[in-house]
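Comments concern the structure below.
2 protein chains.
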Amino acid sequence: MSTGRREPLNRERVVAGALALVERHGVDALSMRKLAAELGVEAMSLYNHVANKDDVLDAIAEVVFADLALPPSTEDWRADARALADAFRAAALAHPRTATLSLARQLGYPAVPVTEAALDVLARAGFDPEQAVHASRTLLAYVIGTLLREIGSGPPDETREAALVATGLPRVTESARHLAVCHHEAEYRFGLDLVLDALAVRVAGPPRR
Amino acid sequence: MSTGRREPLNRERVVAGALALVERHGVDALSMRKLAAELGVEAMSLYNHVANKDDVLDAIAEVVFADLALPPSTEDWRADARALADAFRAAALAHPRTATLSLARQLGYPAVPVTEAALDVLARAGFDPEQAVHASRTLLAYVIGTLLREIGSGPPDETREAALVATGLPRVTESARHLAVCHHEAEYRFGLDLVLDALAVRVAGPPRR
DNA sequence: CTTGGTGACTTACGCTGTAAGTATCACCAG
DNA sequence: CTGGTGATACTTACAGCGTAAGTCACCAAG
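Listed in order, the protein sequences are those of chains W and L.
Mapped onto my numbering, the consecutive letters of the first sequence carry residue numbers 1 to 209.
Mapped onto my numbering, the consecutive letters of the second sequence carry residue numbers 1001 to 1209.
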């Protein structure tokens, strides 16, 4: 059953296929055989282009942030910081199942331009090269934590509020209505503004304590 | 080769064995056969006590925060918040490889007492039931993001600074010395204080903007 | 035409999760 | 003591996994 002429395989096609498969059916559903089938090829052919399955996982994890479009700078560093965080979030949410992989491991080389952009924003805000690193790490940690919550949360669950009240814990009970739902974007923005406010205070000159 | 009398298997022993195996050799090394061997039993016997492998993973993920010891309250809400975050961090770092699992999925029922404690601290700080939820989510996101960075970072790497400088990116280069290393606890504390400062401002009454 | 290299295919091995069936044992009623 | 009864461990079996090793078809250069 010769196909005459066949588009030759290459690393890019393998990685793209893996990404598609993971996004469609989840990481657990990714196997070298299924990936090969997806590409109209036998499993072992993949090994001409990738070292092993971990290599594939690393590669798709990197793609997520390689696709990140860096927003242009303005003269408002807080707006720029927000835009950068938004771009990071958008990149992750564009490939949520793969993003879980990316966020759980070290971010790797494709994230370096993002770091550059973050440091630039913070330098323009007035941080010195060391404080900018601490500030960027704080921001990144917050954004990643938020993203993991968002990606990991299933569909809205009607029974959650009742379950929370049923614990009998007083604070959980009085907040049950708000704990039961999570408007992810609003929640993200709340904490982001909080962190940015705090950074603004730090850079304005720390109030003597 | 009868062993005469044998300690009977139960769910607790299965979960404890799985936790030990994961902490010793990583999640990928966990297989039902190896786990059974660890417990001196055949693989299929495990299924008398757990539904399947995912059940085992869920169970060990829960154990991490079930072991969390809640610190007592004082009259200083910031100190209490710090103590609670510290306890959370300590619980995760006590089982780092398993914590990766716990943090990547929804936190689940064992985390409810932690939520109660967090909401209580924030209520005593002056937040109303709704704002306390937002504040606790911000804090938790930050702490989780920080933990994932810490857990995911390998041993110190001497070549990192040179690699960063080699990118040629100006901000990355001028901060390379500080990007190359990460004192996790100090970094954690920096961001935590930042977030707590911001929360303190919010509760004191937002400065008109 | 020959030759060498590239890359897909084939086979095979040991390992995986788990469905289904069997054997062993502690216990209790008679 | 005997015979059942209900747990729980063991055995077998299967389809699917990652990948090492070997084979074969094609194509460009000599």
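Glycine residues also receive a C-beta, built at the ideal position from the N, C-alpha and C atoms.
First and last residue of the uninterrupted alpha helix (DSSP H) at Ser102 of chain W:
By 1-based counting over the first sequence, the position of residue 102 of chain W is 102. Unbroken alpha helix (DSSP H) run through Ser102 of chain W: Pro96 to Ala104.
Give the C-beta separation of Val1016 of chain L and Met1032 of chain L to the nearest angstrom, bearing in mind that I take them to be a contact with Cβ-Cβ under 8 Å.
Taking the second sequence and counting its residues from 1, the one referred to as residue 1016 of chain L is at position 16. Taking the second sequence and counting its residues from 1, the one referred to as residue 1032 of chain L is at position 32. The question names Val, but residue 1016 of chain L is Ala in the sequence shown. Not a contact, Cβ separation roughly 15 Å.
On a CA-only basis, which of L:Val1027, L:Glu1116, L:Glu1075 and L:Ala1037 is nearest Thr173 of chain W? Give me that one, please.
As a position in the first sequence, residue 173 of chain W is number 173, starting the count at 1. The shortest Cα separation from Thr173 of chain W among L:Val1027, L:Glu1116, L:Glu1075 and L:Ala1037 belongs to L:Glu1116.
What residues in the segment 120-137 of chain W bring their beta carbon closer than 7 Å to a beta carbon of chain L?
Asp120, Ala123, Pro129, Glu130, Ala132, Val133, His134 and Arg137
Kindly indicate which residue of W:Leu122, W:Val195 and W:Arg97 has the alpha-carbon position closest to the one of Asp80 of chain W.
As a working mapping, residue 80 of chain W is identified with position 80 in the first sequence. Cα-wise, what sits closest to Asp80 of chain W is W:Leu122.
Please report the residue range of the alpha helix (DSSP H) in which Tyr1188 of chain L lies.
Position 188 of the second sequence, counting from 1, holds the residue named residue 1188 of chain L. Here the alpha helix (DSSP H) through Tyr1188 of chain L covers His1184 to Val1203.
Alpha carbon to alpha carbon, how far is Pro72 of chain W from Glu1075 of chain L?
Working through the first sequence from its first residue, we reach residue 72 of chain W at position 72. Working through the second sequence from its first residue, we reach residue 1075 of chain L at position 75. Using only the alpha carbons, I get a separation of about 46 Å.
Consult DSSP for Asp1067 of chain L and reduce its assignment to one of helix, strand or coil.
Indexing the second sequence from 1 puts residue 1067 of chain L at position 67. It is coil, neither helix nor strand.
Say yes only if the C-beta of Pro71 of chain W is nearer than 6 Å to one or more non-hydrogen atoms of the ligand NAD, and no if none qualify.
Absent from the structure shown: the ligand NAD. Ligands present: none.
Around the Cβ of Ser1102 of chain L, are there at least 16 other Cβ atoms within 10 angstroms (buried) or fewer (exposed)?
Taking the second sequence and counting its residues from 1, one reaches residue 1102 of chain L at position 102. Per the 10 Å Cβ criterion, buried.
If the criterion is Cβ atoms closer than 7 Å, does the pair Ile151 of chain W and Thr100 of chain W meet it?
Numbered from 1 along the first sequence, position 151 holds the residue referred to as residue 151 of chain W. Numbered from 1 along the first sequence, position 100 holds the residue referred to as residue 100 of chain W. Yes, the pair counts as a contact, with Cβ atoms nearer than the cut-off.
Could you tell me which of W:Leu147, W:Ile144 and W:Ser136 sits nearest to Ala200 of chain W, measuring between CA atoms?
The residue you call residue 200 of chain W lines up with position 200 of the first sequence. Looking at the Cα atoms, W:Ser136 is the closest of the given residues.
Compare the C-beta of Arg171 of chain W with all C-beta atoms of chain L and state if any pair is closer than 7 Å.
Along the first sequence, one-based indexing puts residue 171 of chain W at 171. Yes, contact with chain L.
Is the number of C-beta pairs between the segment 1047-1063 of chain L and the segment 1165-1172 of chain L that are closer than 8 Å three or more?
no
Answer yes if the segment 146-162 of chain W comes into contact with the segment 119-133 of chain W, meaning at least three C-beta pairs across the two stretches below 8 Å, and no otherwise.
no
Taking the alpha-carbon positions, what's the Arg1013 of chain L to Ala20 of chain W distance?
Here residue 1013 of chain L refers to the residue found at position 13 of the second sequence. Here residue 20 of chain W refers to the residue found at position 20 of the first sequence. Going by the C-alpha atoms only, they are around 39 Å apart.
Looking at the unbroken alpha helix (DSSP H) that takes in Gly1145 of chain L, where does it start and where does it end?
In the second sequence, the residue the question calls residue 1145 of chain L occupies position 145. Start and end: Pro1129 to Gly1152.
Pick from L:Leu1070, L:Thr1098 and L:Arg1078 that is closest to Ala1111 of chain L, judged by C-alpha positions:
The count along the second sequence starts at 1 and reaches residue 1111 of chain L at position 111. The shortest C-alpha separation from Ala1111 of chain L is found at L:Leu1070.
Just mark Asp28 of chain W as buried or exposed, buried being the case when its beta carbon has 16 or more other beta carbons within 10 Å.
Start at 1 with the first residue of the first sequence, and residue 28 of chain W comes out as number 28. Exposed, by the Cβ-count rule.
Which term fits Tyr109 of chain W, buried or exposed, when burial requires 16 or more other beta carbons within 10 angstroms of its beta carbon?
Looking up residue 109 of chain W in the first sequence gives position 109. That one is exposed.
Sort L:Val1195, L:Leu1147, L:Ala1176 and L:Ala1018 by Cα distance to Glu1158 of chain L and report the nearest one.
Within the second sequence, residue 1158 of chain L is the residue found at index 158, counting from 1. The candidate whose alpha carbon is nearest that of Glu1158 of chain L is L:Ala1176.
Val143 of chain W versus Tyr188 of chain W - alpha carbon distance:
Translated into positions along the first sequence, residue 143 of chain W becomes position 143. Translated into positions along the first sequence, residue 188 of chain W becomes position 188. Whole-angstrom Cα-Cα distance: 8 Å.
Return the residue from the list W:Leu179, W:Leu46, W:Leu9 and W:Leu30 that minimises the CA-CA distance to Arg149 of chain W.
To locate residue 149 of chain W, count along the first sequence from 1; it is residue 149. Closest option to Arg149 of chain W, Cα to Cα, is W:Leu179.
Starting from the C-beta of Asp1120 of chain L, find all residues in its chain whose C-beta is less than 8 Å away, skip the five residues before and the five after it, and write them out in chain order.
What you label residue 1120 of chain L is simply residue 120 of the second sequence in a count that begins at 1. Closer than 8 Å at the Cβ level, and outside the excluded window around Asp1120 of chain L, lie Ser1073.
Interface residues of the segment 155-182 of chain W facing chain L [CB-CB below 7 Å]
Thr167, Leu169, Arg171, Val172, Glu174, Ser175, His178 and Leu179
Which of the residues in the segment 1090-1104 of chain L, read from start to end, lie with their CB under 8 Å from any CB of chain W?
Thr1100, Leu1103 and Ala1104
With distances taken from CA atoms, which of W:Asn52, W:Leu140 and W:Arg24 is nearest Thr98 of chain W?
In the first sequence, the residue the question calls residue 98 of chain W occupies position 98. Of W:Asn52, W:Leu140 and W:Arg24, the residue nearest in Cα terms is W:Arg24.
Which residues in the same chain as Gly126 of chain W place their Cβ atom closer than 6 Å to its Cβ, once the five residues preceding and following it in sequence are excluded?
Taking the first residue of the first sequence as 1, we reach residue 126 of chain W at position 126. Here the set comprises Val203.
Measure the alpha-carbon distance for Gly1124 of chain L versus Ala1091 of chain L and round it to whole angstroms.
Residue mapping note: residue 1124 of chain L aligns to position 124 of the second sequence, counting from 1. Residue mapping note: residue 1091 of chain L aligns to position 91 of the second sequence, counting from 1. Rather than Gly, the amino acid found at residue 1124 of chain L in this sequence is Arg. Taking the straight line from one Cα to the other gives about 24 Å.
Would you mind telling me which residues of chain W sit closer than 7 Å to Glu957 of chain L, beta carbon to beta carbon, in chain order?
Any property of residue 957 of chain L remains undetermined from this structure, which presents chain L solely from 1001 to 1209.
Thinking C-alpha only, which one of L:Ala1087, L:Thr1138 and L:Phe1088 is nearest Glu185 of chain W?
The sequence position of residue 185 of chain W within the first sequence is 185, counting from 1. The option with the nearest alpha carbon to Glu185 of chain W is L:Thr1138.
Compare the C-beta of Thr1146 of chain L with all C-beta atoms of chain W and state if any pair is closer than 7 Å.
Within the second sequence, residue 1146 of chain L is the residue found at index 146, counting from 1. It does: the Cβ of Thr1146 of chain L has a partner Cβ on chain W nearer than 7 Å.
Under three-state DSSP, which class holds Asn48 of chain W?
Against the first sequence, residue 48 of chain W aligns to sequence position 48. Asn48 of chain W: helix per DSSP, three-state reduction.
Tell me, please, whether the CB atom of Val50 of chain W is closer than 7 Å to any CB atom in chain L?
Taking the first residue of the first sequence as position 1, residue 50 of chain W is located at position 50. Not one chain L Cβ lies under 7 Å of Val50 of chain W.
Got a sec? Which residues, its chain only, sit under 8 Å from Ala66 of chain W by beta carbon, not counting five neighbours each side?
As a first step, residue 66 of chain W is located in the first sequence; it is residue number 66 there, counting from the start. So the list reads Pro110, once near-sequence residues are dropped.
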